[in-house]
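Notes follow once the structure below has been shown.
There are 2 protein chains.
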Amino acid sequence: MSRREATLQASTADLIERIALFFETEGFSRIGGRIFGRLLLADAAMSLDGLAGDLAASKASISTETRSLERRGILERVGKPGDRRVYYQVAAELPIPTMSLRLDRWRRFSQLLEEAPADIARGSPVVRHRLDDTLQAHRYLLAEFGDALQRWHRRSASSRHPRA
Amino acid sequence: MSRREATLQASTADLIERIALFFETEGFSRIGGRIFGRLLLADAAMSLDGLAGDLAASKASISTETRSLERRGILERVGKPGDRRVYYQVAAELPIPTMSLRLDRWRRFSQLLEEAPADIARGSPVVRHRLDDTLQAHRYLLAEFGDALQRWHRRSASSRHPRA
DNA sequence: TGAAAGATTCAGTATTGCCTGAACATACTG
DNA sequence: CAGTATGTTCAGGCAATACTGAATCTTTCA
Chain A
109 MSRREATLQA STADLIERIA LFFETEGFSR IGGRIFGRLL LADAAMSLDG
159 LAGDLAASKA SISTETRSLE RRGILERVGK PGDRRVYYQV AAELPIPTMS
209 LRLDRWRRFS QLLEEAPADI ARGSPVVRHR LDDTLQAHRY LLAEFGDALQ
259 RWHRRSASSR HPRA
Chain B
109 MSRREATLQA STADLIERIA LFFETEGFSR IGGRIFGRLL LADAAMSLDG
159 LAGDLAASKA SISTETRSLE RRGILERVGK PGDRRVYYQV AAELPIPTMS
209 LRLDRWRRFS QLLEEAPADI ARGSPVVRHR LDDTLQAHRY LLAEFGDALQ
259 RWHRRSASSR HPRA
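Order-wise, the sequence lines are chains A and B.
Converting from the first sequence to the working numbering requires adding 108 to each position, the first position being numbered 1.
Converting from the second sequence to the working numbering requires adding 108 to each position, the first position being numbered 1.
And the structure:
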C-alpha cells in the first residue's frame, strides 16, 4: 500500500519541517531539528536507518546529529534485546535539558561580564553602573528561572509517581 | 598621543570581541555583537562613524546592524542638539528587551506545538501525552519567567526612583 | 575466521549569509 | 541653488557550515 516514503503523513512532515526551521534559529542544524521533530512525534524509538529513511537524509548526517543531540541531553539512546542497532528517542524529561541549555548559554554571558577586567569600568562611573546593573539583573533572572525549572521538575515527577 | 585606532584599550577590545562571539551563537551577526559590546562599554552615545572607526567595520554594516538592533529594542537612537548625526546607545532597561527576545523565541515553539494538528497525536496516546506534557511545561516556565521579568522590572524601577 | 550488518569518519561540494565598496538618496548649510 | 555631510541600499566576493557518498572501523554471528 505504500512505497518507502509514504510512512509519514503530510501534516506530520509539515510540522517536522517547521520544528526543524525553528531549531535552525536556535543554533542547531536543520537535520538536527528534523531528527528532533521526528522523534517528538514518534510512537517508539527509531533506528538510524529509520530516521534516514523518513527524513530523506544521509545516514552520515543522522549519525553525527543524533550523537550531538544526545550529548546535549535532548535524545536518549535505547537498545532492543536481540537487535544490534542503536535506537533513539526524545529524552524523558524533555524540558529539563532544552531549558538547561538555554540557561547555560545565558549564564555564559553573565560570566563574560563578571570576568570583565575591573580596569574597563574603572574609568567611567556610568559604564560601571551599567555593567553592575546588567549583571544583577542576570543573576536575579537566572536564579528565578533556575528555581522555576526545579519546581516544574518536582511537580512533574510527583504527578508521574502520585504519592502512595 | 594616539592615532585613530588607539582609542580602544586592548582589554576593552578583547571583551568586545568575546561579547561579539557570544552574540554570534545567539543568532546575531558578529558585527551586531561588536556594536552591542562597544556601546555597552561606552561612556556616551556613539555615531555611526565613531562605531565604524572603533570597530574597523564598514559604515554600511554599522548602519544596517544598528537599525536591526534598534528594531529589537536593544539599542536606542539619540540626537544631540546642533549635530545632525545619529547617535546610538544601549537601551536603558537593557535586560528587558534582551530577555523578552528570548521569551518570544521560545514562545514561538510553544505555538508550534499548540497548532499541531490534532490528527497528528490522535493515532498514538504516547505521542499525545508527550506533546501535552511538553506544552504544559513550556506554559508553566514561560509564565514563571515572564513574572520574574516583571518583578525585576518593578524592582529596578523603584530603586531608580526611590519612593518619596 | 570470514562475512555481513551497522555505525562512524572524512574529504569534497554546495548553500548560505556576512560584510564590503560603491552608487544612491536625503537633508543641511552657505 | 550648489555643495557637502550623513545615512541607506545593493550587487558581488568571501568564508563558514551543513550535508553527502564513499571509505573505514567495529561488532556480531555462522
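All C-beta atoms, glycine included, are put in the ideal place defined by N, C-alpha and C.
If you're wondering where the values come from, they're calculated on a predicted model, not measured in any experiment.
So who's on the other strand from residue i, going by DSSP bridges?
i, result
"residue 248 of chain A", "DSSP lists no partner for residue 248 of chain A."
"residue 220 of chain A", "Beta-bridge pairing links residue 220 of chain A to no other residue."
"residue 188 of chain A", "A/191"
"residue 197 of chain A", "A/184"
Return helix, strand or coil for residue i, following the three-state DSSP convention.
i, result
"residue 123 of chain A", "helix"
"residue 202 of chain A", "coil"
"residue 155 of chain B", "strand"
"residue 258 of chain B", "helix"
"residue 130 of chain B", "helix"
"residue 137 of chain A", "coil"
"residue 233 of chain A", "helix"
"residue 118 of chain A", "helix"
"residue 160 of chain B", "helix"
"residue 168 of chain B", "helix"
"residue 150 of chain A", "coil"
Cα separation between residue i and residue j?
i, j, result
"residue 214 of chain B", "residue 251 of chain A", "19 Å"
"residue 142 of chain A", "residue 166 of chain A", "13 Å"
"residue 218 of chain B", "residue 239 of chain B", "10 Å"
"residue 135 of chain A", "residue 190 of chain B", "44 Å"
"residue 118 of chain A", "residue 260 of chain B", "44 Å"
"residue 169 of chain B", "residue 139 of chain B", "7 Å"
"residue 237 of chain A", "residue 137 of chain A", "39 Å"
"residue 131 of chain B", "residue 180 of chain A", "20 Å"
"residue 249 of chain B", "residue 258 of chain A", "10 Å"
"residue 154 of chain A", "residue 198 of chain A", "10 Å"
"residue 111 of chain B", "residue 156 of chain B", "In this predicted model, residue 111 of chain B has a pLDDT of only 33, less than 50, meaning its place in the structure is not dependable enough to derive any value."
"residue 222 of chain B", "residue 174 of chain A", "25 Å"
"residue 183 of chain A", "residue 196 of chain A", "6 Å"
"residue 185 of chain B", "residue 176 of chain B", "12 Å"
"residue 116 of chain B", "residue 172 of chain B", "23 Å"
"residue 267 of chain A", "residue 231 of chain B", "24 Å"
"residue 262 of chain B", "residue 233 of chain B", "43 Å"
"residue 129 of chain B", "residue 129 of chain A", "23 Å"
Quick check on this structure: which residue in the options has the alpha carbon closest to the alpha carbon of residue i?
i, options, result
"residue 264 of chain A", "A/173, A/128 and A/204", "A/204"
"residue 187 of chain B", "B/206, B/152, B/177 and B/262", "B/152"
"residue 125 of chain B", "B/117, B/116, B/135 and B/145", "B/145"
"residue 158 of chain B", "B/259, B/135, B/194 and B/182", "B/194"
"residue 178 of chain B", "B/118, B/245 and B/200", "B/200"
"residue 207 of chain B", "B/256, B/226 and B/164", "B/256"
"residue 246 of chain A", "A/192, A/258, A/137 and A/216", "A/216"
"residue 133 of chain B", "A/174, A/183, A/209 and A/231", "A/209"
"residue 163 of chain A", "A/129, A/241, A/121 and A/185", "A/121"
My understanding is that residue i touches residue j, with C-beta atoms under 8 Å, so please give their C-beta distance in whole angstroms.
i, j, result
"residue 228 of chain B", "residue 220 of chain A", "In fact, because the Cβ distance is near 41 Å, the residues do not count as touching under 8 Å."
"residue 161 of chain A", "residue 211 of chain A", "Actually they do not touch by this definition, with Cβ atoms about 35 Å apart."
"residue 149 of chain B", "residue 235 of chain A", "6 Å"
"residue 123 of chain B", "residue 224 of chain A", "6 Å"
"residue 243 of chain B", "residue 242 of chain A", "About 32 Å separates the two Cβ atoms, so there is no contact after all."
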